[in-house]
Amino acid sequence: MSADPVVAGPAVPGSWVLLCYRLPREPSSPRVTLWRKLQRLGVAQLSDGLVALPADARTREHFDWIAAEVREAGGTAGLWLSQPASLGQEHELAAVMAADRAREYEDVLAAAAAAAALDEPERGRAVKRLRAELRRIGRRDYFPPRQRDAAHAAVTGLARGELPANATRTAAGQS
8 MSADPVVAGP
18 AVPGSWVLLC
28 YRLPREPSSP
38 RVTLWRKLQR
48 LGVAQLSDGL
58 VALPADARTR
68 EHFDWIAAEV
78 REAGGTAGLW
88 LSQPASLGQE
98 HELAAVMAAD
108 RAREYEDVLA
118 AAAAAAALDE
128 PERGRAVKRL
138 RAELRRIGRR
148 DYFPPRQRDA
158 AHAAVTGLAR
168 GELPANATRT
178 AAGQS
């Protein structure tokens, strides 16, 4: 991966919503379903059964629904509002989350670079897939890394039949 993502934020730690949960081992399908939902949300995994997201109405609602599903599956779940003890602690957590998204954006950059060699109909399908992927990533991108703009530019360029010159370098991990 290229240089660490830059995470800027407020001078004091913000609020986070925590989901503390426990599911029975069997059947395993609720555990797998829960894991997939948490991955789609882009949670920070604090420990086994404890995940966090920056607090806002949307993330709290997501966790409310997930907690209800955990309970319906025979597990236990609780929501907590929290604040990191220090700004440094919050920045570390945000940096981990931003790095996860940066890797996803780099994958989009690589896919856009590869799609540039396709014929026009295939390239059009690739653009559609990549735009959908950018929307999925954007929904869980709470601390946007700089790779975000490059990925959007690469997909836009691909749609126009051109690929930004830096997209291939960035996709290869060079800055």
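Numbering (our numbering) for the sequence shown: 8 to 182. In this text, a Cβ means the ideal position worked out from N, Cα and C, and glycines have one as well. Predicted, not measured: the structure shown is a model, and the values here were computed from it.
Sorted by chain position, which residues of the same chain lie with C-beta nearer than 8 Å to residue i's C-beta, five sequence neighbours on each side aside?
i, result
"residue 151", "105 and 108"
"residue 18", "Because the pLDDT at residue 18 is just 45, under 50, the model does not fix this residue reliably, and the value given afterwards should be weighed accordingly. So the list reads 94, once near-sequence residues are dropped."
Give the straight-line distance between the Cα atoms of residue i and residue j, rounded to the nearest whole angstrom.
i, j, result
"residue 54", "residue 143", "25 Å"
"residue 188", "residue 139", "Since the first and last residues shown for the chain are 8 and 182, residue 188 lies out of range."
"residue 85", "residue 125", "49 Å"
"residue 23", "residue 131", "40 Å"
"residue 32", "residue 147", "27 Å"
"residue 8", "residue 111", "Reliability fails at residue 8, whose pLDDT of 42 lies under 50, so the model's placement of it is uncertain and no value is given."
"residue 50", "residue 117", "24 Å"
"residue 37", "residue 76", "9 Å"
Is residue i helix, strand or coil when you go by DSSP?
i, result
"residue 58", "strand"
"residue 29", "strand"
"residue 24", "strand"
"residue 35", "coil"
"residue 13", "Because residue 13 carries a pLDDT of 46, less than 50, the predicted location of this residue cannot be relied on, and no value is offered for it."
"residue 160", "helix"
Apart from the five residues just before and just after residue i, which ones in its own chain have a Cβ nearer than 7 Å to its Cβ?
i, result
"residue 141", "115, 158, 159 and 162"
Check for me: the beta strand (DSSP E) holding residue i runs from which residue to which?
i, result
"residue 86", "83-89"
In chain order, what residues of the same chain lie with their CB nearer than 6 Å to the CB of residue i, ignoring the 5 residues before and after it?
i, result
"residue 13", "Its pLDDT being 46, under 50, residue 13 is placed unreliably in this model, and the coordinates cannot settle the point."
"residue 25", "59, 87 and 89"
"residue 70", "24, 26 and 86"
Could you give the first and the last residue of the continuous alpha helix (DSSP H) run that contains residue i?
i, result
"residue 70", "64-79"
"residue 131", "127-146"
"residue 6", "There is no way to answer for residue 6, as the model of the chain reaches only from 8 to 182."
Checklist entry - Hey, is the segment 34-52 in contact with the segment 69-88, meaning 3+ C-beta pairs nearer than 8 Å? => result The segment 34-52 vs the segment 69-88: in contact.
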